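The block underneath contains the structure these notes are about, expressed in structure tokens.
Number of protein chains: 4
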Amino acid sequence: MSDPGMSATRFHALYERLRGQSPWGAADRRGALNHITPARLAAAAGEVRAGRTVTMAAPLASSAPDNPEPGARHMTRLPAEPSDVPGVSFAADQITMNVHGDVDSHIDALCHVSYEGALYNGVPAGVVTSRGAAELSIDDARNGIVGRGVLLDIPRLRGVGWLEPGEHVTAAELAAAERAQQTRVGPGDLLFVRLGHRRRRDEDGPWEVARSRAGLHPDTAEYLAERQVAALGCDSNSDTAPSLVDGVAFPMHVLAINALGLHLLDYLQFHDLVPACEAAGRWSFLCVIAPLRLPGGTGSPVNPIAIL
Amino acid sequence: MSDPGMSATRFHALYERLRGQSPWGAADRRGALNHITPARLAAAAGEVRAGRTVTMAAPLASSAPDNPEPGARHMTRLPAEPSDVPGVSFAADQITMNVHGDVDSHIDALCHVSYEGALYNGVPAGVVTSRGAAELSIDDARNGIVGRGVLLDIPRLRGVGWLEPGEHVTAAELAAAERAQQTRVGPGDLLFVRLGHRRRRDEDGPWEVARSRAGLHPDTAEYLAERQVAALGCDSNSDTAPSLVDGVAFPMHVLAINALGLHLLDYLQFHDLVPACEAAGRWSFLCVIAPLRLPGGTGSPVNPIAIL
Amino acid sequence: MSDPGMSATRFHALYERLRGQSPWGAADRRGALNHITPARLAAAAGEVRAGRTVTMAAPLASSAPDNPEPGARHMTRLPAEPSDVPGVSFAADQITMNVHGDVDSHIDALCHVSYEGALYNGVPAGVVTSRGAAELSIDDARNGIVGRGVLLDIPRLRGVGWLEPGEHVTAAELAAAERAQQTRVGPGDLLFVRLGHRRRRDEDGPWEVARSRAGLHPDTAEYLAERQVAALGCDSNSDTAPSLVDGVAFPMHVLAINALGLHLLDYLQFHDLVPACEAAGRWSFLCVIAPLRLPGGTGSPVNPIAIL
Amino acid sequence: MSDPGMSATRFHALYERLRGQSPWGAADRRGALNHITPARLAAAAGEVRAGRTVTMAAPLASSAPDNPEPGARHMTRLPAEPSDVPGVSFAADQITMNVHGDVDSHIDALCHVSYEGALYNGVPAGVVTSRGAAELSIDDARNGIVGRGVLLDIPRLRGVGWLEPGEHVTAAELAAAERAQQTRVGPGDLLFVRLGHRRRRDEDGPWEVARSRAGLHPDTAEYLAERQVAALGCDSNSDTAPSLVDGVAFPMHVLAINALGLHLLDYLQFHDLVPACEAAGRWSFLCVIAPLRLPGGTGSPVNPIAIL
């Protein structure tokens with residue numbers, strides 16, 4: 000196979016082409032969420048038949064080679080200790096989490112990625128200060144991201160347990176997965192791509208993901224644009240490491256978030272969803288993503304729910 | 000009107016009666032979530048018609064008389080500063096939040112309330128240690144709480160802007176609200192009761208909610224049991240302050256969470272949902288609550304989504 | 000009495016005059032710490048006679064009108080719970096603190112205050128990024144600030160319990176306190192000025208300090224320069240509120256930290272030190288300030304120790 | 000050499016013997032700090048001759064194999080951004096730190112270690128709850144720990160760069176170091192033992208210290224008792240890993256903190272102090288340890304200062 004990488008020049012041209020296609024005007028701040036029309040959303044509810052729900056998030060992770068700054072949950076009250084109020088006692092706790100990182104399931108807001116000094120739709124990077132993002136924060140998705148979800152399972156297509164770190168998925172392979180799974184990704188869909196990242200982590204243990212990670216080839220960004228995908232989730236962070244583009248780390252983050260205005264969902268888990276889809280005999284479902292209300296925030300921990 | 004309070008003796012008898020009705024056996028850890036059967040959940044999807052979604056959470060609050068230990072969001076990377084990776088830069092942040100408290104929208108897990116040394120279904124309070132809750136943690140709801148949501152709007156019924164702190168709602172008034180709104184709360188429903196708490200806070204400013212707060216009368220717990228409600232949310236924390244029960248602070252927390260196994264949602268906001276319901280001409284909707292995956296956790300910040 | 004305030008013009012002239020006096024050159028980053036010569040430090044050890052030590056810090060404060068974002072200490076291990084190591088168990092905890100604020104005792108680094116776009120000695124404000132201060136951070140004081148401490152007690156001079164919020168101390172009054180206490184502030188001394196702020200807080204309860212606070216008159220900055228004081232501590236934050244200077248909040252912070260290069264110590268407590276000085280019959284002592292090693296940090300919580 | 004380990008039986012006998020020697024009675028909560036009499040403290044000031052100060056703390060560490068839950072410092076205000084007050088702007092930050100751990104320099108309070116259900120002097124482990132330690136917290140050392148410090152440099156004695164992980168120092172070797180350095184540890188001294196741990200970390204990089212660490216042999220506890228040492232610091236945590244005692248992890252923590260009432264200082268750094276001692280031609284100095292005021296706390300990050 001020839002070199003799968005992409006030159007900086009081609010990357011830049013692709014970026015310009017994709018971002019030039021936006022039909023929503025200079026004031027738009029919702030990006031690809033615009034693909035979720037009321038009609039599409041209402042139709043997505045028709046995916047609910049079995050009356051079953053499945054989490055797509057992984058539990059809060061502890062320290063590991065891919066989690067050097069782990070979140071924490073500390074107890075502040077224990078119910079077996081004397082209570083400070085009459086007749087009842089409480090258990091309570093406090094959480095601390097970095098919103099991004101390489102293990103905990105989270106969503107990236109459109110302010111997360113700056114390329115050539117600008118965020119999505121040309122918003123200057125300087126709108127993000129130490130107080131937070133004055134524009135394009137995760138609170139723009141406060142009403143949730145709800146639509147038809149579709150899961151494409153690449154290891155299933157390849158007949159392997161998982162993609163090895165460094166491997167990537169092309170647009171052609173996404174289309175092949177659609178055919179194999181007898182599904183088709185369409186306008187307003189929330190696309191989830193399973194690479195097996197988390198299964199590898201569960202079975203072989205964590206590794207230094209920042210250096211070596213399976214992901215999507217930058218050419219998939221054209222597929223995302225054509226299909227009018229509204230959001231993209233992955234069990235890695237969608238970006239291959241090392242980068243497939245010379246001089247640009249995280250090209251998928253740039254193309255998806257910054258050029259296309261796609262909210263990205265990173266480090267999801269699909270081992271609950273896959274058997275549920277198999278049992279249901281289909282790979283689509285109603286999907287609800289409910290970010291915390293963090294005005295100014297660059298994203299949020301999330302627990303996306305698939306409803307079949 | 001006669002004294003609306005409840006004696007400790009009557010409260011205790013009510014507690015015992017309610018908790019004795021559980022049909023799910025000693026090993027049950029899901030409580031009232033059991034009311035959400037697959038058939039009811041699938042039927043709830045039929046509530047989606049307009050293809051519109053609405054948040055029921057309030058934005059992360061800053062310090063105030065009702066928020067003495069506010070959560071925080073701090074930036075860890077600013078995109079306008081030199082990047083540590085090639086060709087792209089990021090905005091990132093970190094959050095710290097107490098899971099409970101009197102402002103931020105959150106869900107209480109079944110481990111949250113201990114009464115007479117035990118949690119829901121007789122689980123000993125000692126299962127909660129400094130590591131977290133070994134049983135009944137919020138991760139038991141990891142697949143989300145999804146069902147038909149119903150909003151009962153008490154200020155609307157009364158023709159007032161809000162209930163004043165200290166006022167309460169009886170079971171009879173919940174039933175009156177159902178009639179006035181031409182809706183009926185049934186098995187597996189997620190019930191939301193609007194007291195106007197947050198509207199008062201927005202208009203008149205925060206006050207010391209811990210001392211003075213509108214809520215539900217303990218007799219509503221019988222209503223919740225009869226109607227087989229699966230979860231209960233409120234724009235206060237459902238409990239009147241001062242307490243209506245002698246010697247027991249938070250009687251609704253005890254009855255709902257501990258006796259009935261109801262997940263409670265505290266300090267929601269309904270000013271987005273009310274006009275959406277009015278526009279739709281009905282007070283029911285598909286509702287999705289997606290707690291973060293916090294194993295051992297006593298609850299989670301949440302953003303419940305109504306889908307109409 | 001005539002208006003005690005200072006015009007913006009006079010303030011600016013004072014600022015320029017003071018900052019022009021620095022004898023340490025453009026590369027200096029230690030500021031007034033340069034006044035602590037080895038000889039002066041060695042002489043200060045002669046203050047130790049009684050063999051007694053006294054804290055000048057207050058305990059970590061909880062939420063209050065002057066502490067809207069309180070620090071916290073959460074337990075992470077309890078020794079009465081089963082241990083994860085053989086034969087022994089541990090108590091452990093985690094702390095979270097904002098370094099500055101209006102209650103907890105802390106030290107301000109020289110990077111803390113920017114005036115007209117620059118920090119101390121003309122260092123551009125831009126050296127402080129989301130990663131921290133590349134110059135003038137608190138780690139520049141990593142070897143501690145050790146010298147002769149002198150406490151001037153203004154309420155004692157005035158015969159009052161405390162200065163009321165809004166009141167201020169002039170350079171003339173500092174000199175009067177020296178005479179009354181038969182002491183004299185000299186080169187390299189660490190000067191502590193008691194206003195009674197914390198005693199008022201203890202006796203009458205906390206108030207909104209950000210709006211109303213006793214402090215020093217800007218003319219004391221000339222006194223600090225003449226006497227070659229090496230660091231300045233106060234039981235408020237040294238600055239009067241409302242500000243005595245038109246259009247400049249925190250003029251003492253600007254003059255002391257930014258113009259003179261003085262590390263400022265805010266919200267100390269002196270109710271342990273006053274009786275110790277009375278018992279010793281003198282108001283000077285060896286003083287040791289040991290900031291935590293926080294590279295890039297804007298200051299540190301501290302517990303200054305007086306040794307008599 | 001014969002097996003250097005200690006049986007559980009011998010360890011337990013040693014523990015009982017040491018703890019039985021306490022002359023301070025059942026109500027004592029200061030432990031070995033009682034050895035610091037006013038006369039000894041005043042005499043220690045005589046160690047100050049050169050007028051030079053040196054830190055014994057290391058900078059806040061980032062994530063590493065020995066630092067799986069690193070502390071953090073986040074900016075909350077940047078001075079180059081628009082200010083929220085007139086005429087001046089500020090840099091400010093927030094810190095989060097686990098008090099213990101295997102890298103950051105800290106002090107252990109007497110509540111830190113429970114052995115056979117009790118803390119120092121038989122205080123029941125249950126005094127430590129989720130609110131903190133009701134007794135024996137670090138705030139008992141609020142007035143600082145001040146006395147004569149003595150540094151014993153074991154790699155210097157052995158002529159090596161550092162002790163390898165797993166190696167240990169006996170009481171005999173401490174005495175040998177005293178002779179070689181022409182110093183003698185006496186009543187009320189703060190003893191610091193350099194193992195070269197931090198130099199190894201700096202030169203060869205961090206490793207999993209929890210599994211493999213140089214430390215002191217449990218027989219040194221008798222030396223500490225005989226010499227009436229008031230506090231003990233080390234560049235590791237004083238305990239060898241793997242443990243030298245069957246079935247008891249951290250035997251030095253048990254003997255020093257729990258039996259002798261010694262505050263332990265862990266993970267100090269001595270590479271600034273060693274050359275300062277060499278330059279001064281002696282290994283003793285005035286030492287000031289100033290824990291933060293954390294009532295209920297199990298310890299504190301610290302920056303011990305040596306004054307020569």
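Protein chains in written order, with numbering that gives the first Met the number 0: chain A, 0 to 307; chain B, 0 to 307; chain C, 0 to 307; chain D, 0 to 307.
In this text, a Cβ means the ideal position worked out from N, Cα and C, and glycines have one as well.
From a predicted model like this one, the values you see are computed outputs, not experimental measurements.
Proximal chain A residues relative to residue i, where beta-carbon distance stays under 8 Å
i     : result
D/R76 : S129
C/H73 : H73, M74, T75 and Q93
C-alpha gap between residue i and residue j, whole angstroms
i      : j      : result
B/E115 : A/I288 : 38 Å
C/C276 : C/F269 : 10 Å
D/Q20  : C/S283 : 39 Å
C/A56  : C/S104 : 5 Å
D/A170 : D/S242 : 17 Å
A/I94  : B/Y266 : 18 Å
B/Y14  : B/M251 : 10 Å
D/A12  : D/G100 : 29 Å
B/R18  : A/A279 : 36 Å
A/V47  : A/L135 : 31 Å
D/R141 : A/A63  : 36 Å
A/G232 : A/V301 : 12 Å
D/V53  : D/V273 : 10 Å
A/R199 : A/V149 : 22 Å
C/V87  : C/T75  : 16 Å
D/L259 : D/P22  : 11 Å
Residue closest to residue i, alpha-carbon to alpha-carbon, out of the options
i      : options                          : result
A/F191 : A/I304, A/G296 and A/A240        : A/I304
D/R212 : D/E166, D/R193, D/V247 and D/L77 : D/E166
D/V126 : C/A25, C/L77 and C/A38           : C/L77
A/G24  : A/S299, A/L40, A/Y119 and A/M5   : A/Y119
B/R28  : B/M74, B/D65 and B/G121          : B/G121
C/V84  : D/A91, D/P294 and D/V112         : D/V112
The beta strand (DSSP E) enclosing residue i, as first and last residue numbers
i      : result
B/G338 : There is no way to answer for residue 338 of chain B, as the model of chain B reaches only from 0 to 307.
D/F191 : L189 to R193
D/G153 : This sequence places Ile at residue 153 of chain D; Gly is not what is there. Note, D/I153: premise wrong, no beta strand (DSSP E); alpha helix (DSSP H) at I153 to R157.
D/F284 : S283 to I288
C/Q93  : A91 to N97
C/D265 : H262 to D265
D/G19  : Segment A7 to G19 is the alpha helix (DSSP H) holding D/G19; no beta strand (DSSP E) there.
Own chain partners of residue i with C-beta closer than 6 Å, once the 5 adjacent residues on each side are dropped
i      : result
A/P186 : H34 and Q227
Beta-carbon neighbours of residue i, restricted to chain C and to distances below 8 Å
i     : result
B/P69 : P67 and E68
Residue i: contacting residues in chain A (beta-carbon distance under 7 Å)
i     : result
B/R51 : P37
Residue i: contacting residues in chain C (beta-carbon distance under 9 Å)
i      : result
D/P290 : N302
D/F249 : V84, G86, V87 and F89
Per-residue contacts from residue i into chain D (C-beta, under 8 Å)
i      : result
A/S136 : Result: empty, since nearest Cβ-Cβ is about 17 Å, beyond 8 Å.
Own chain partners of residue i with C-beta closer than 8 Å, once the 5 adjacent residues on each side are dropped
i      : result
B/E172 : I153 and L156
Under 9 Å by beta carbon: chain D residues contacting residue i
i      : result
A/E207 : Simply none; closest approach about 12 Å.
Where the alpha helix (DSSP H) containing residue i begins and where it ends
i     : result
D/R48 : That residue, D/R48, is in no alpha helix (DSSP H); it is neither H nor E in DSSP.
Sequence-distant residues of the same chain with beta carbon closer than 7 Å to residue i, five excluded per side
i      : result
B/V247 : A7, F10 and V253
D/R210 : A240
7 Å Cβ cut-off: residues of chain E touching residue i
i      : result
D/S113 : This model lacks chain E altogether; the protein chains it does include are A, B, C and D.
Residues that residue i contacts on chain B, provided the C-beta gap is smaller than 9 Å
i      : result
A/H252 : V87 and F89
Within chain C, the residues that residue i reaches when beta carbons sit closer than 7 Å
i     : result
D/H99 : A91
Closer than 8 Å: residue i CB and nearest the ligand ZN heavy atom
i     : result
D/Y14 : The ligand ZN is absent from the structure shown, which contains no ligand whatsoever.
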